[in-house]
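Q:
There are 2 protein chains.
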Amino acid sequence: METAETVEVRVLDAAERLFYGRGLQAVGMDTIRAASGVSLKRLYQVFSSKDSLVEAYLHRRDRRWRAALERFAGQHPAGRERILAVFDWLHQWFQEPDFRGCAFVNSYGELGAAHPGVAAAARSHKDAFRGYLATLVAGAGAADVLTDQLVLLAEGAITTAAISGSPEPALHAREAARALLAVS
Amino acid sequence: METAETVEVRVLDAAERLFYGRGLQAVGMDTIRAASGVSLKRLYQVFSSKDSLVEAYLHRRDRRWRAALERFAGQHPAGRERILAVFDWLHQWFQEPDFRGCAFVNSYGELGAAHPGVAAAARSHKDAFRGYLATLVAGAGAADVLTDQLVLLAEGAITTAAISGSPEPALHAREAARALLAVS
DNA sequence: GCGAATGGAGAACGTACGTTCTCCTTGGTG
DNA sequence: CACCAAGGAGAACGTACGTTCTCCATTCGC
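Chains A and B are the protein sequences, given in the same order. The opening residue of the first sequence carries number -11 in the working numbering; numbering runs sequentially from there. The opening residue of the second sequence carries number -11 in the working numbering; numbering runs sequentially from there.
1) Restricting to Cα atoms, I'd like to know which of THR(-6)(B), SER95(B) and ASP132(B) is closest to ARG111(B).
2) Who are the Cβ neighbours of VAL133(A) in its own chain at under 8 Å, not counting the five residues just before and after it?
3) Of all Cβ atoms in chain B, is any one closer than 8 Å to the Cβ of SER152(A)?
4) Could you tell me which whole beta strand (DSSP E) segments of length 3 or greater appear in the region 6 to 92 of chain B?
5) Take PRO157(A) as the anchor and find which of ALA145(B), ALA167(B), GLN137(B) and ALA149(B) has the nearest alpha-carbon.
6) So with CB distances below 7 Å, who are the chain A contacts of ALA167(B)?
7) Within the chosen definition, does the region 153 to 167 of chain A reach the region 76 to 96 of chain A through at least 3 CB pairs nearer than 8 Å?
8) For chain A, check one thing: does any of its Cβ atoms lie closer than 8 Å to the Cβ of HIS79(B)?
9) Quick check on this structure: which residue in GLY25(B), SER27(B) and LEU12(B) has the alpha carbon closest to the alpha carbon of LEU46(B)?
10) Does the Cβ of SER37(B) lie closer than 7 Å to at least one heavy atom of the ligand PLP?
11) Pull out every residue of the region 101 to 119 of chain A whose Cβ sits closer than 7 Å to any Cβ of chain B, in chain order.
12) Judging by CA-CA distance, which residue of ALA101(A), ARG59(A), GLU143(A) and GLY105(A) is the nearest neighbour of ASP86(B)?
13) Give me the subset of the region 7 to 20 of chain B whose CB atoms are less than 9 Å from a CB atom of chain A, sorted by chain position.
14) Quick one: which chain B residues come within Cβ less than 8 Å of VAL133(A)?
15) Counting only runs of 4+ residues fully inside the region 90 to 155 of chain B, write out the alpha helix (DSSP H) ranges in chain order.
16) Taking all protein chains shown into account, decide if VAL(-3)(A) is buried (16 or more other Cβ within 10 angstroms of its Cβ) or exposed.
17) Given that a residue counts as buried once 16 or more other Cβ atoms are within 10 Å of its Cβ, and exposed if not, what is LYS29(A)?
18) Who are the near neighbours of GLY67(B) in its chain, counting only those whose CB is closer than 6 Å to its CB and skipping five residues on each side?
19) Taking beta-carbon pairs under 8 Å, can you tell me which members of the region 136 to 151 of chain A lie near chain B?
20) Take the Cβ of ARG162(A) as the centre, count every other Cβ of all protein chains shown within 10 Å, and call the residue buried at 16 or more, exposed below.
21) Use the C-beta contact count for GLY89(A): other C-beta atoms within 10 angstroms, 16 or more gives buried, fewer gives exposed.
22) Are the C-beta atoms of THR98(B) and some chain A residue less than 8 Å apart?
23) Looking at ARG54(B): is its Cβ nearer than 8 Å to the Cβ of PHE117(B)?
24) Given that VAL93(A) touches chain B, what residues does it touch there, using C-beta distances under 9 Å?
25) Smallest Cα separation from VAL26(B): which of GLU43(B), ALA2(B) and SER40(B)?
26) Three-state secondary structure (DSSP) at GLU(-10)(B)?
27) GLY97(A) and VAL93(B) look like a contact to me (Cβ under 8 Å); what is the Cβ gap, rounded to whole Å?
28) Could you tell me how far apart the beta carbons of GLU43(A) and GLY144(B) are, in whole angstroms, since I believe they sit closer than 8 Å?
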């Protein structure tokens, strides 16, 4: 018998690919069933509703996205270099073929007004990202005000890269961050 | 007899309020009919499908949004002050009670993958915004690279203000823009 | 005043989808 | 072997919605 954990992973993998690539409302439960190779009955045993699957998708993506960023940045020396590494990581991400912007921004724009859980997931993700940048800014001995400025550059780069289809915004953001670091 | 122009305006007013406030897919044609006080038959005479109404909504919003920005900024002296006025305008916008981020980013996240017209509208809006900032940067005699950096600050501020529910990101972006202007 | 076109209210139609149910297979247990 | 719990395939059910159609009132040209 296949364990519930295996089913959960298979469903979340399919849900993430589909929700992120096409949007939340554009993907039906039956499409996720087909993509995950799981029966509808089993799917609903593990996720009691589409809403709960959406929230699980957002929760896992938040964990993984931040872990990947922190793993990458952590390989660079603490201080200014580690801050700039954040933008190098974004630059890599923007070049992935299925990159389509921030999953949380997209979900918020689509369902944030009607589903408080989606709005809360987006807020919590952005808060956590800001918190991580704050530790990098503190580690570089830079002024606190820099944290919010870096957040805006990263956020702007993600959205602009998604809509323009180019990874270049990461480089512009990196250069702006370098300049702000130099005067802070 | 009510003219087609009047109907068009009434429908677009209702569509803008509803699409922007709740999302494109969350609002049905019948809700727009009820909110605009127009019959379904008349509605479909003026807009042949929901898709065409969505595109008309995005098109009019692009025109109006940029006109309002340029009107506001144009009241400030050309040069650095006019660039900073862009962020003052954003700060005002973020405080409007129904502010919910960038209509084009939200629409792109929701339908950009499936509807090329929506993705094109978002690209065109962002290109036009960048073009306007480029004229301000040139008018201030600042380096060209500043344009893309200002785009990222504004874009990041819009998204961050939407998700956090606070107008503060406009002030952080303004301060970052001031710093970048000073060293450029 | 009269016929015809216009438009309003809302029913109707087709489709999609979230969720549940039915029926059948299968694999483990006494 | 007999039995039963678990699971798969897919039908079924209820609802929502984009779009069109029906029926009736109003109005405009003559």
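Note that CB positions come from ideal geometry on N, CA and C, so glycine has one too. As the structure is a computational prediction, the values presented were derived from the model and not from experiment.
A: In this structure, then:
1) ARG111(B) has its Cα closest to that of SER95(B), out of THR(-6)(B), SER95(B) and ASP132(B).
2) SER172
3) yes
4) none
5) GLN137(B)
6) LEU168 and VAL171
7) yes
8) no
9) LEU12(B)
10) This structure lacks the ligand PLP; in fact it carries no ligand of any kind.
11) ALA101, ALA102, ALA110, ARG111 and LYS114
12) ALA101(A)
13) GLY9, ARG10, GLY11, LEU12, GLN13 and ALA14
14) HIS160 and GLU163
15) 91 to 99, 104 to 127 and 133 to 152
16) exposed
17) exposed
18) ALA128
19) ASP136, GLN137, VAL139, LEU140, LEU141, ALA142, GLU143, GLY144, ALA145, THR147, THR148, ALA150 and ILE151
20) buried
21) buried
22) The residue you asked about is not Thr; residue 98(B) is Glu in the sequence shown. Yes, because at least one Cβ of chain A sits closer than 8 Å to the Cβ of GLU98(B).
23) yes
24) GLY89, VAL93, ASN94, GLY97, THR147, ALA150 and ILE151, listed in chain order.
25) ALA2(B)
26) Coil at GLU(-10)(B), not helix or strand.
27) 6 Å
28) The Cβ separation is near 25 Å, so there is no contact.
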